[in-house]
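> First the structure, then my questions, so here it is.
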Amino acid sequence: LKIGDKANVRLVSGQNVEGTVRYISRDASSATRTFRVEIAIPNPEGTIPAGMTAEIALSAQPTDAVILPRSVVTLGDKGDLGIRAVDKHDKVVFFPIDLVDDTPTGLVLGGIPADARIIVAGQELVKEGEVVKPVEADRATIQKLLGEATAGTQ
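The numbering of the sequence shown is this note's numbering, which starts it at 15 and goes up by one.
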């Protein structure tokens, strides 16, 4: 789902209209675990009252995604959320992320290549383009990250 996507809207009056997604919250409600979405509906004649309740149907294309612990998400140089990884030339790369879902087991993120070597510790200490010597995470680090990702699910 992205800004500009079309939405089918059924007003409480029973009227069906098409709208456009104009806002998507980056943060889920802690109480409902839902994201606020605003839909703009053309209303040139002013017949639809502002703030009217409606039923909205949104279509989204399937996306490839991974579940990662929140601790691997960082800010890029431009302030966007993403993850840092190491490419095949051992250079640090930044992948902006698409938040697909926020689950008790971790963040479901799109925009990350399936073969990405994700930096799980020290991602704040490196910059994009820097050549590094990657070290594969040991079992203890993996267990710690799994614990962070699943904290509160038992």
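Just so it is clear, CB atoms sit at the ideal spot from N, CA and C, and this is done for glycine as well.
Using 10 angstroms around the beta-carbon of residue 98, count the other beta-carbons present and answer buried if the total reaches 16, otherwise exposed.
So residue 98 ends up on the buried side.
> Please go through the same chain and pick out, in chain order, the residues whose beta-carbon is closer than 8 angstroms to the beta-carbon of residue 81, but skip the five residues on each side of it.
Around residue 81: 117, 119, 120, 121, 122, 123, 163.
> Please determine if the stretch 85–100 and the stretch 53–67 are in contact, where contact requires at least 3 C-beta pairs separated by less than 8 angstroms.
No: fewer than three Cβ pairs fall under 8 angstroms.
> For residue 156, is the classification buried or exposed, using 16 other Cβ atoms within 10 angstroms of its Cβ as the cut-off for buried?
Exposed, because fewer than 16 other Cβ atoms sit within 10 Å of the Cβ of residue 156.
> Checking 9 angstroms against the spacing of the C-beta atoms, do residue 54 and residue 67 come in under that value?
The answer is no: Cβ separation not under 9 angstroms.
> Going by alpha carbons, who is nearest to residue 136 out of 32, 128, 146, 129?
Of the candidates 32, 128, 146, 129, the one whose C-alpha sits nearest the C-alpha of residue 136 is 146.
> For residue 29, collect the residues of the same chain with a Cβ closer than 7 angstroms to its Cβ; drop the 5 residues on either side in sequence, then sort them by chain order.
Same-chain partners within the cutoff: there are none.
> Assuming residue 71 is part of the beta strand (DSSP E), what are its boundary residues?
Run containing residue 71: 68–72, per the beta strand (DSSP E) assignment.
> Where does residue 138 fall in DSSP's three states?
The answer is helix: DSSP assigns residue 138 an H, G or I state.
> When the Cα atoms are used, what is the spatial distance from residue 17 to residue 39?
In a straight line, the C-alpha of residue 17 is about 11 angstroms away from that of residue 39.
> Given a cut-off of 9 angstroms on the beta-carbon distance, is the pair residue 142 and residue 86 in contact?
Taking 9 angstroms as the Cβ cut-off, residue 142 and residue 86 do not qualify as a contacting pair.
> Taking all protein chains shown into account, decide if residue 100 is buried (16 or more other Cβ within 10 angstroms of its Cβ) or exposed.
Flag for residue 100 reads buried.
> Among the residues of its own chain, which have a CB less than 6 angstroms from the CB of residue 151, if the five just before and after it don't count?
Hits under 6 angstroms: 134.
> Nearest-angstrom Cα distance between residue 168 and residue 154?
Any reading at residue 168 must be qualified, since the residue scores a pLDDT of 48, below 50, and its modelled position is unreliable; no value is offered.
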